[in-house]
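Just so you know, the sequences run in chain order A and B. Sequential numbering of the first sequence, starting at -11, is according to this note's numbering. Sequential numbering of the second sequence, starting at 42, is according to this note's numbering. Since the structure comes first, as structure tokens, the remarks are kept for the end.
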Amino acid sequence: MIHILLSRWRQGHRTLPYPKTIPVLPGRFRGLPRIDAQACPEVCHVCAEACPTEAIELGPTGPDIDLGKCLFCDLCVEACPKGAIAFTRDHRLSTRDRDHLVLAPDQELQLAEKLNAELMRLFGRSLKIRVVSAGGCNGCEVDVNVLGTLAWDLGRFGIQYVAAPRHADAVLVCGPVTANMELALRKTYAAVPDPKIVIAVGACAISGGPYYRQEEQLGGASSVVPVDLFIPGCPPHPLTILDGLLRLLGKLEQEGRITSVKA
Amino acid sequence: MSDIQFAPCRNGRALLMKDVPELLFPEFQDEILQAVNSGKRLACLCADAELRLFAVLADDPAGALWIGRTRLDHPHYPSLTPHCPQAHLFERELAEQFGIVPEKHPWFKPVRYHASWVEGRDAWQRTGPIEPGVTDFFRVEGEEVHEVAVGPVHAGVIEPGHFRFQCHGETVFHLEIALGYQHRGIERAMLGGPHPLSLKFAETVAGDTTLGHGWAYCQLLEGLAGIEVPPRSQWVRGIALELERCANHTGDLGALAGDAGFLPTASFCGRIRGDWLNLTAELCGSRLGRDLLRPGGLRVDLEPEVAKMLTSRLAQIWGDTQNAIELLWGAASVLNRFEAAGFVDPIQAREVGLVGVPARACGIEQDVRKDHPFGPYAEHPVALGLAQSGNVHSRAWVRWRELQASHAFLAEAFEALADSATDPKPTGTMALAPESLCVSLTEGWRGEILHLAVTDASGRFARYKIVDPSFHNWFGLALALRGEQISDFPLCNKSFNLSYCGHDL
Chain A
-11 MIHILLSRWR QGHRTLPYPK TIPVLPGRFR GLPRIDAQAC PEVCHVCAEA CPTEAIELGP
49 TGPDIDLGKC LFCDLCVEAC PKGAIAFTRD HRLSTRDRDH LVLAPDQELQ LAEKLNAELM
109 RLFGRSLKIR VVSAGGCNGC EVDVNVLGTL AWDLGRFGIQ YVAAPRHADA VLVCGPVTAN
169 MELALRKTYA AVPDPKIVIA VGACAISGGP YYRQEEQLGG ASSVVPVDLF IPGCPPHPLT
229 ILDGLLRLLG KLEQEGRITS VKA
Chain B
42 MSDIQFAPCR NGRALLMKDV PELLFPEFQD EILQAVNSGK RLACLCADAE LRLFAVLADD
102 PAGALWIGRT RLDHPHYPSL TPHCPQAHLF ERELAEQFGI VPEKHPWFKP VRYHASWVEG
162 RDAWQRTGPI EPGVTDFFRV EGEEVHEVAV GPVHAGVIEP GHFRFQCHGE TVFHLEIALG
222 YQHRGIERAM LGGPHPLSLK FAETVAGDTT LGHGWAYCQL LEGLAGIEVP PRSQWVRGIA
282 LELERCANHT GDLGALAGDA GFLPTASFCG RIRGDWLNLT AELCGSRLGR DLLRPGGLRV
342 DLEPEVAKML TSRLAQIWGD TQNAIELLWG AASVLNRFEA AGFVDPIQAR EVGLVGVPAR
402 ACGIEQDVRK DHPFGPYAEH PVALGLAQSG NVHSRAWVRW RELQASHAFL AEAFEALADS
462 ATDPKPTGTM ALAPESLCVS LTEGWRGEIL HLAVTDASGR FARYKIVDPS FHNWFGLALA
522 LRGEQISDFP LCNKSFNLSY CGHDL
């Protein structure tokens, strides 16, 4: 017993102070990508060709990046002859609308808005989430799970993962939704009482991710259920996932979190 | 194998197809059965659409690998499984993929519930849509016998799989595991490659084993292209692989503590696992080690100053890890639970061909880093983690020993790399040898990872086979449950902590 107490003393209190302060992200962290339209040469397709998931398409003002398809792999950055693409250190990536994930050069990302008044009344102080892993690589699950540890302590925001759809307010989907998981996802969604929300975590759940061409999968959660929150990444950093969840619940302004992150 | 007909090969070295003699099926079969009877291991058995069969045999204590092939005249052959249980899942897999029927297979069911790759040739003559988990499960009949079905969607943040327990009261007579829900077609997607996404597919075979599988893929390409990776880059790869092992072993030991109701270690380790992942993120920006590796070397190198910074972070994390895990071994309630649950008979472990942590927990001295060394491990060996009892305690203890060995490796590596200059970044594309074969093995944190590629006349992948350690080990979990209480399933399951997506591909 004394050893347990001594350990407790040594290990200390380790819950992150977020959202009061932003945890230090690793030096090589790749957050929101930015394309500098001034530096981007005209009629150049190199970045689009380098992208393995066709996340970059040439739009009217230059290359548009679809964060829902992006694997944050850096190949476009390496390919660009002018150094016009960079991944910033901004971890905030979530949106309410699939279309908002497609970013033109220099365009601001329209971050997720909070739920409507009725849903805020129901879920604003208590959101129970059923996680469905539907294909994919278990990478997103790793970083979804980590929010439950004492370092992040999801419970202090009133958010909790639950074991049954009947206890849930939301379904959180990881993976591209394999053909073999379609029925299970439909049944889980149907078993969650109305009103309910769906959260798609990771490139797979948004667009099929690296598997987008495979006929064994359906191309993401919205092929099966209506999605209310998109959290991009491959996998998204736990901070990105938490940021998305807290924005959905309108928690960030309330708790006095800083409003901008330095690039 | 005195009169050997399979071709000897080395980990990560390519062979020309013509140097691997095509045996007649009876010779091929004899060779495998004799080898397995004399204690060697069937590391891989697979087929392709042209009815060719390939097998990889391993003699781990001797550090030897062999590869053999045959070609069938018809899409059926006498099953090896009745004489060689190690073949059982491989034969079901090749039946499902190519419609080749291993006749008299004693447990002939689909593996991943997908359509045959060869149109019109289905091993079960199925014509309609294929439903996952719909098969003839083994059933125990009798008074007071009942069946418990769990999944595919599980109660936690866990991947999907379907489990059927045949129970008598609390006692489990038999557990059957039906997977395939995570099947997204990775092997098929590799055909015709390497493509721009091929490395990403390898990294996402099992996301928690990004480095184990990513390295196996890179090593395979390097073997087929005849490229040597600079020693310092190999060391950095070794660092990344050991960090991956440390993160997962720490997480597993914490989760085991949680399942035994011992909360201090459970909560400390949940956090410390993240600290390990954050070290990996310092290498490449991704906690899972995405985009660190590149065929030929590294995408981002570990600069001396970063190595220096990581040395002090390692010391801090290691102190916390040691402190959290050593509590386990002093807690009688934990030891009681660990020692009484999840026994796998070491003889059966060999028969079914377990690999990695569960094999070493049965006293089987097997580790790719020692037996078929790759990367830095020939020059910088790591101590083998070993235990003898085959139960949950042994699997936990092996993880602890491996954590200690990995920490020693990491401490040495960080110190050495803090004083040496980085390697140039690999550039250009690689031309792979045509009409060749290569076997690439790494030791991921779960165990042996095998990637095998066969190239066509233009040096593209004509077949790409991936064997995650979970593919060998899921059956071990079923064995561990025999005669146990069903309430011990979570503890036993966690002591294996196998990958669903790595199995399902």
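By construction, the Cβ of each residue, glycine as well, lies at the ideal position given by its N, Cα and C atoms.
Distance cut-off 6 angstroms: residue i Cβ against heavy atoms of the ligand ZN
{"i": "G311(B)", "result": "Within the structure as shown, the ligand ZN is missing, as the structure has no ligands at all."}
Close Cβ partners of residue i (< 7 angstroms) along its chain, the five nearest in sequence each way excluded
{"i": "V165(A)", "result": "A122, G123, L173, Q205, L206, G208, A209, S211, V212"}
{"i": "V423(B)", "result": "R410, A446, S447, F450"}
{"i": "A156(A)", "result": "K116, I117, R118, V150, V180"}
{"i": "A382(B)", "result": "N432, V433, E525, D529, L532, C533"}
{"i": "E243(A)", "result": "Only weak support is given to the placement of E243(A): the predicted model assigns it a pLDDT of 45, under 50, and the value that follows is read from those uncertain coordinates. These residues qualify, in order along the chain: P7."}
{"i": "I(-10)(A)", "result": "none"}
Length of the line joining the Cα atoms of residue i and residue j
{"i": "D464(B)", "j": "G279(B)", "result": "15 angstroms"}
{"i": "C310(B)", "j": "Q363(B)", "result": "10 angstroms"}
{"i": "D60(B)", "j": "D497(B)", "result": "15 angstroms"}
{"i": "I141(B)", "j": "P116(B)", "result": "4 angstroms"}
{"i": "V480(B)", "j": "G127(A)", "result": "26 angstroms"}
{"i": "P7(A)", "j": "N319(B)", "result": "19 angstroms"}
{"i": "S353(B)", "j": "R93(B)", "result": "53 angstroms"}
{"i": "L240(B)", "j": "F214(B)", "result": "42 angstroms"}
{"i": "E406(B)", "j": "G169(B)", "result": "46 angstroms"}
{"i": "G47(A)", "j": "V215(A)", "result": "26 angstroms"}
{"i": "L546(B)", "j": "I227(B)", "result": "5 angstroms"}
{"i": "L220(B)", "j": "K57(A)", "result": "27 angstroms"}
{"i": "V161(A)", "j": "V508(B)", "result": "27 angstroms"}
{"i": "V375(B)", "j": "S499(B)", "result": "57 angstroms"}
{"i": "R113(A)", "j": "A472(B)", "result": "58 angstroms"}
{"i": "I246(A)", "j": "E283(B)", "result": "For I246(A), the predicted structure reports a pLDDT of 48, less than 50, and the residue's modelled location is therefore unreliable. A value from the coordinates is still provided. Looking at the two C-alpha atoms, the distance is approximately 37 angstroms."}
{"i": "D54(A)", "j": "K102(A)", "result": "22 angstroms"}
{"i": "T186(B)", "j": "A247(B)", "result": "The amino acid occupying residue 186(B) in the given sequence is Val; Thr does not appear at that position. If you take the alpha carbons of V186(B) and A247(B), they lie about 36 angstroms apart."}
{"i": "L(-6)(A)", "j": "G136(A)", "result": "24 angstroms"}
{"i": "N254(A)", "j": "E68(B)", "result": "This structure cannot settle anything about residue 254(A), because the visible part of chain A is limited to -11 through 251."}
{"i": "I(-8)(A)", "j": "D361(B)", "result": "13 angstroms"}
{"i": "G232(A)", "j": "A100(A)", "result": "7 angstroms"}
Sequence-distant residues of the same chain with beta carbon closer than 8 angstroms to residue i, five excluded per side
{"i": "R340(B)", "result": "C325, D332, L333, L334, K466"}
{"i": "L59(A)", "result": "P40, T41, A43, A191, G197, P198, C222"}
{"i": "A307(B)", "result": "G295, A296, A298, G299"}
{"i": "K506(B)", "result": "C85, C87, F95, E228, L491, H492, L493, A494"}
{"i": "R144(A)", "result": "T3"}
Rounded distance between the beta-carbons of residue j and residue i, thought under 8 angstroms
{"i": "N52(B)", "j": "L522(B)", "result": "Between L522(B) and N52(B) the Cβ distance is about 33 angstroms, and since that is not below 8 angstroms, they are no contact."}
{"i": "A20(B)", "j": "W438(B)", "result": "Because chain B in this structure spans residues 42 to 546, residue 20(B) falls outside the shown range and cannot be described."}
{"i": "D131(A)", "j": "P226(A)", "result": "5 angstroms"}
{"i": "P93(A)", "j": "C28(A)", "result": "6 angstroms"}
{"i": "G574(B)", "j": "R401(B)", "result": "Chain B is shown from 42 up to 546; residue 574(B) falls before or after that span and cannot be answered."}
{"i": "A90(B)", "j": "W158(B)", "result": "6 angstroms"}
{"i": "L458(B)", "j": "W276(B)", "result": "6 angstroms"}
Cβ shell of residue i (< 6 angstroms), same chain only, five flanking positions each side left out
{"i": "F178(B)", "result": "R205, E217"}
{"i": "C259(B)", "result": "L334, P336"}
{"i": "R82(B)", "result": "A99, G394"}
{"i": "W165(B)", "result": "none"}
{"i": "R22(A)", "result": "A74, T76"}
Extent of the continuous beta strand (DSSP E) to which residue i belongs
{"i": "C50(B)", "result": "48 to 50"}
{"i": "T496(B)", "result": "489 to 496"}
{"i": "Q148(A)", "result": "147 to 149"}
{"i": "Y177(A)", "result": "Premise fails: Y177(A) lies in the alpha helix (DSSP H), 170 to 179, not in any beta strand (DSSP E)."}
{"i": "H209(B)", "result": "203 to 209"}
{"i": "Y505(B)", "result": "502 to 508"}
Continuous alpha helix (DSSP H) stretch holding residue i: start and end
{"i": "L324(B)", "result": "304 to 325"}
{"i": "Y258(B)", "result": "251 to 266"}
{"i": "P387(B)", "result": "387 to 393"}
{"i": "D52(A)", "result": "No alpha helix (DSSP H) holds D52(A); the beta strand (DSSP E) holding it covers 50 to 54."}
{"i": "H290(B)", "result": "272 to 300"}
*Could you name the residues of the stretch 165 to 190 of chain A whose beta carbon sits closer than 9 angstroms to any beta carbon of chain B, in the order they occur along the chain?*
T166, A167, N168, M169, L171, A172, L173, K175, T176
*asked:* Output needed in chain order: residues of the stretch 114 to 146 of chain A with a Cβ under 9 angstroms from some Cβ in chain B.
replied: R118, V119, V120, S121, A122, G123, G124, C125, N126, G127, C128, E129, V130, D131, V132, N133, V134, G136, T137, L138, A139, W140
*For the stretch 21 to 52 of chain A, which residues have a CB atom closer than 7 angstroms to at least one CB atom of chain C, in sequence order?*
As a matter of chain content, chain C is missing from the structure shown, whose protein chains are A and B.
*At a Cβ cut of 9 angstroms, what residues of the stretch 140 to 163 of chain B count as close to chain A, listed as they run along the chain?*
R153, Y154, H155
*Residues of the stretch 52 to 67 of chain A with a CB closer than 9 angstroms to any CB of chain B: list them in chain order, please.*
L59, F60, C61, D62, L63, E66
*For the stretch 301 to 312 of chain B, which residues have a CB atom closer than 7 angstroms to at least one CB atom of chain A, in sequence order?*
P305, S308, F309, G311, R312
*Determine which residues of the stretch 190 to 208 of chain B have a Cβ less than 9 angstroms from any Cβ of chain A, and write them out in chain order.*
G192, P193, V194, H195, A196, G197, V198, I199, E200, P201
*According to a CB-to-CB cut-off of less than 8 angstroms, which residues of the stretch 524 to 542 of chain B neighbour chain A?*
S540, Y541, C542
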